[in-house]
Amino acid sequence: MRYFIELAYKGTNYHGWQYQPNASSVQETLNKALSLLLKNEIDIVGAGRTDTGVHAKQMFAHFDYDSAIEVEPLVKKLNSFLPKDIVIFNIIKVADEAHARFDATKRTYEYHIHTAKDAFESDDSWFVTAPLDLDKMNEACQLLFKYNDFECFSKTNTDVRTFNCVIFEAHWKQSGNTIVFTIAADRFLRNMVRAIVGTMINIGTGKINVTDFEKIIESKDRNEAGFSVPAHGLYLTQIEYKYLK
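Using our numbering, you'd call the opening residue of the sequence shown number 466 and step up by one each time.
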């Protein structure tokens, strides 16, 4: 039987989602907890890979188990057993062929910036002191809908077959001292959101203009794009599936 597990985590203490032999990861932590509680070797498959320090307000993963699971007791046991920075919301029985990664139809990320020093935001948001022109940055967002190939924002030397992504949503919004960039797509490339944000910061500070931004996309060259912003401001906020409503 195949099960989806819905969870959230704060990525500060983890070297990303993906298992790594010499570092703590969210996947490894969950594998150990599930294996112990279900008394079986469990190997979960995530909906994607978040980098070191990146957070997830909603993540899905799947695993296989031979017997029916009593969901509420297992969720309660997992939340008692797991560290405080990983929370389990639900476990859902799905079709045997369901896949947490390949069946996802939409993923949404947020990048959080704060513009005034804040002792409580330092681990969860990036502090930016330079004034940002959000109108220009939102103008640049509109260009993302014109293109599908985002190789210029991808980490180099990745094993992907295509750099094509369909962007559904992209915008900047400010409330007081907080600025949030929201972007949704069918898929994302490694480091893509952080590179887009870094490039748009360069627009917001006047280092480049919107026309330059379009030329960067058309160049398909990571060296032409801006810097990668720090990981601790990035959140995976939602993953959608046709069969989960």
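The C-beta atom is built at its ideal place from N, Cα and C for all residues, glycine as well.
Beta-carbon spacing of A696, D583 below 8 Å: no
Residue span of the beta strand (DSSP E) that contains E471, given as start and end: 467 to 474
Element boundaries [alpha helix (DSSP H), containing A635]: Looking at the DSSP string, A635 is not in any alpha helix (DSSP H); the run it does join, the beta strand (DSSP E), is 632 to 640.
C-alpha distance - V540 paired with N656, whole-angstrom precision: 32 Å
Contiguous alpha helix (DSSP H) assignments of at least 4 residues, all confined to the segment 638 to 682: 657 to 669
DSSP bridge partner residues for I716 (one or two, in chain order): Because the chain here runs from 466 to 710, residue 716 falls outside it and cannot be looked at.
Residue burial classification, V631 (beta-carbon count within 10 angstroms, cutoff 16): exposed
Proximity of R566 and G511 at Cβ, strictly below 8 Å: yes
Close Cβ partners of L547 (< 6 Å) along its chain, the five nearest in sequence each way excluded: A498
Per-residue DSSP class, three states only, for H520: strand
Contact the segment 664 to 672 vs the segment 481 to 490: 3+ CB pairs below 8 Å: no
Proximity of M466 and A533 at Cβ, strictly below 8 Å: yes
Span of the beta strand (DSSP E) around E705: 699 to 705
Neighbour flag for N487 against chain C, beta carbons, 8 Å: Among the chains in the structure shown there is no chain C, since it carries only a single protein chain.
Same chain only: Cβ atoms within 6 Å of W482, ignoring 5 sequence neighbours per side: V491, Q492, G511, R514, T515
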